[in-house]
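Asks: This is the structure I want to talk about, given as structure tokens.
Numbering (our numbering), first residue to last: 26 to 327.
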């Protein structure tokens with residue numbers, strides 16, 4: 026489903042496109058260098074990822090499917106092998122693995138190569154964790170209460186995972202420099218602990234022990250943004266079972282203030298932040314799984 030936005034933060038009628046079986050995660054990037062945004066969508070029951078190349082009018086071509094591991098649930102894109110083509114990394118929950126698909130310059134992808142993760146990987150993020158100019162991976166392992174960090178080499182080969190403790194059943198994670206020390210950190214929401222864990226990066230690919238903050242009931246997804254225009258990184262969390270969104274305002278040292286809670290629709294599962302109405306304040310969009318709706322929260326800048 027695609028909704029092209031208006032300048033005032035509203036959205037017109039949706040446009041639907043065919044994917045594989047049970048699409049569950051989506052990203053956008055320019056895979057074929059035509060300056061149009063393309064889509065990659067994970068199909069959980071199809072053990073595949075669908076790529077839809079974009080046209081110049083905001084529409085998309087028919088999807089092309091590529092095989093992944095077993096039960097893929099999350100996808101990211103980055104240039105892992107420094108060839109200026111965008112690649113894909115997909116975590117496979119039942120395969121306990123991450124699949125890397127190297128991209129070609131025409132928007133097609135090579136066969137996937139799998140790397141071992143922890144038990145039931147469910148979310149993935151990428152960044153350069155050890156400052157060697159290569160893109161590394163961090164993966165939340167739902168049934169193991171850990172995060173796997175997989176450091177990369179220049180040619181898109183990856184070293185064995187290193188695991189760090191999180192709360193119970195980590196559900197989603199992001200990588201950001203929260204404390205402005207030029208080292209990438211991790212934020213992980215823990216579904217059955219009702220919390221978000223912050224793991225500060227040391228700059229050499231290792232991470233410090235977690236610091237934990239309270240969220241709502243069963244946090245499902247997390248994003249970052251500067252929601253109060255103070256040039257510090259804040260967090261927003263979708264809380265599945267109490268139908269809310271939490272906002273945790275950040276301090277300069279990477280710590281966070283207690284959550285502020287906003288009502289959402291039924292069982293929110295995903296969220297993004299963007300300035301939808303062009304007022305220079307960050308807004309939030311949240312998907313509500315039981316209502317088949319999207320909630321838009323226009324930010325006040327404070």
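We treat Cβ as the ideally placed atom computed from N, Cα and C, and that holds for glycine.
Output needed for residue 184: all residues of its chain with C-beta closer than 6 angstroms, excluding positions within five of it in sequence on either side, in chain order.
Replies: In the chain shown, the residue the question calls residue 184 occupies position 159. So the qualifying residues of the chain are 176.
Asks: Give the DSSP bridge partners of residue 125, in chain order.
Replies: Translated into positions along the chain shown, residue 125 becomes position 100. For residue 125, which the question treats as bridged, DSSP gives the partners 114, 138.
Asks: For residue 315, which residues in the same chain have their Cβ closer than 7 angstroms to its Cβ, ignoring the five residues on either side in sequence?
Replies: For the purposes of this step, residue 315 is identified with residue 290 of the chain shown, where counting begins at 1. These residues qualify, in order along the chain: 291, 292.
Asks: Can the beta-carbon of residue 227 be found closer than 8 angstroms to that of residue 191?
Replies: As a working note, residue 227 is residue 202 in the chain shown. As a working note, residue 191 is residue 166 in the chain shown. The answer is no: Cβ separation not under 8 angstroms.
Asks: Are the region 130-137 and the region 202-209 touching by the rule of at least three beta carbon pairs closer than 8 angstroms?
Replies: No: the two stretches stay apart, fewer than three of their Cβ pairs being nearer than 8 angstroms.
Asks: Nearest to residue 69 by alpha carbon, out of 241, 98, 43?
Replies: Taking the first residue of the chain shown as position 1, residue 69 is located at position 44. Closest by alpha carbon: 98.
Asks: Terminal residues of the continuous beta strand (DSSP E) containing residue 270?
Replies: Looking up residue 270 in the chain shown gives position 245. Its beta strand (DSSP E) spans residues 269-273.
Asks: Identify, in the order they occur along the chain, each residue of the same chain with its Cβ nearer than 6 angstroms to the Cβ of residue 310, setting aside the five sequence neighbours on each side.
Replies: Along the chain shown, one-based indexing puts residue 310 at 285. Cβ within range, chain order: 297, 319, 321.
Asks: Secondary structure at residue 94, three-state DSSP: helix, strand or coil?
Replies: Here the question's residue 94 lines up with position 69 in the chain shown. Residue state, collapsed to three classes: coil.
Asks: Can you tell which of 259, 213, 324, 152 has the C-alpha that lies nearest to the C-alpha of residue 105?
Replies: Your numbering for residue 105 matches position 80 in the chain shown. Out of 259, 213, 324, 152, 152 has the C-alpha closest to the C-alpha of residue 105.
Asks: Exposed or buried, which one is residue 80 when buried takes at least 16 other CB atoms within 10 Å?
Replies: One-based indexing of the chain shown puts residue 80 at position 55. By the 10 Å Cβ count, residue 80 comes out exposed.
Asks: Going by beta carbon distance, what residues of the same chain come within less than 8 angstroms of residue 111, once the five residues before and after it are set aside?
Replies: The residue labelled residue 111 in the question sits at position 86 within the chain shown. These residues qualify, in order along the chain: 54, 55, 56, 102, 103, 104, 128.
Asks: Just verifying my parser: in three-state terms, what is the DSSP assignment at residue 211?
Replies: The residue given as residue 211 occupies position 186 in the chain shown. Residue 211 falls in the strand class under three-state DSSP.
Asks: So, with DSSP's three-state summary, where would you put residue 251?
Replies: To locate residue 251, count along the chain shown from 1; it is residue 226. It is coil, neither helix nor strand.
Asks: Spell out a yes or no on whether the region 144-163 and the region 112-120 are touching, meaning 3 or more CB-CB pairs, one atom from each, closer than 8 angstroms.
Replies: Short answer: they touch.
Asks: What do you reckon, are the CB atoms on residue 246 and residue 173 nearer than 8 angstroms?
Replies: Within the chain shown, the letter at position 221 stands for residue 246. Within the chain shown, the letter at position 148 stands for residue 173. The answer is no: Cβ separation not under 8 angstroms.
Asks: Of the choices 187, 240, 186, whose alpha-carbon is the least far from that of residue 212?
Replies: Residue mapping note: residue 212 aligns to position 187 of the chain shown, counting from 1. Per the Cα distances, 240.
Asks: Under 6 angstroms Cβ to Cβ from residue 45, same chain only, skipping five residues before and after it: list those, please.
Replies: The residue labelled residue 45 in the question sits at position 20 within the chain shown. If we look at residue 45 and ignore the five residues flanking it on each side, its Cβ neighbours are 68, 71, 73, 75, 90.
Asks: With DSSP as the reference, label residue 245 as helix, strand or coil.
Replies: In the chain shown, the residue the question calls residue 245 occupies position 220. Three-state result, residue 245: strand.
Asks: Quick one: residues in its chain with C-beta nearer than 8 angstroms to the C-beta of residue 188, no 5 flanking neighbours on either side, listed in chain order?
Replies: Numbered from 1 along the chain shown, position 163 holds the residue referred to as residue 188. Same-chain partners within the cutoff: 143, 166, 169, 171, 172, 173, 174.
Asks: On the DSSP bridge assignment, give the partners of residue 68 in chain order.
Replies: Residue mapping note: residue 68 aligns to position 43 of the chain shown, counting from 1. According to DSSP, which records beta bridges pairwise, residue 68 is partnered with 48, 73.
Asks: Grouping DSSP H, G and I as helix and E and B as strand, with all else coil, what is residue 79?
Replies: Locating residue 79 in the chain shown gives position 54, where the first residue counts as 1. Three-state DSSP puts residue 79 in a strand.
Asks: Would the beta-carbon of residue 125 fall within 8 angstroms of that of residue 181?
Replies: Taking the chain shown and counting its residues from 1, the one referred to as residue 125 is at position 100. Taking the chain shown and counting its residues from 1, the one referred to as residue 181 is at position 156. In contact: residue 125 and residue 181 (Cβ atoms closer than 8 angstroms).
Asks: By a C-beta neighbour count over all protein chains shown, 10 Å radius and 16 as the cutoff for buried, is residue 263 buried or exposed?
Replies: Within the chain shown, residue 263 is the residue found at index 238, counting from 1. Under this definition residue 263 is a buried residue.
Asks: For residue 238 and residue 210, what's the separation of their Cα atoms in angstroms?
Replies: Within the chain shown, numbered from 1, the residue matching residue 238 stands at position 213. Within the chain shown, numbered from 1, the residue matching residue 210 stands at position 185. Those two C-alpha atoms are separated by around 15 angstroms.
Asks: Which runs of the beta strand (DSSP E) spanning at least 3 residues fall entirely within the region 275-300, listed in chain order?
Replies: Those beta strand (DSSP E) runs which fall completely within the region 275-300 and span 3+ residues are 285-288, 293-299.
Asks: Would residue 222 be called buried (16 or more neighbouring beta carbons within 10 Å of its own) or exposed?
Replies: Your numbering for residue 222 matches position 197 in the chain shown. Buried, since its Cβ has 16 or more Cβ neighbours within 10 Å.
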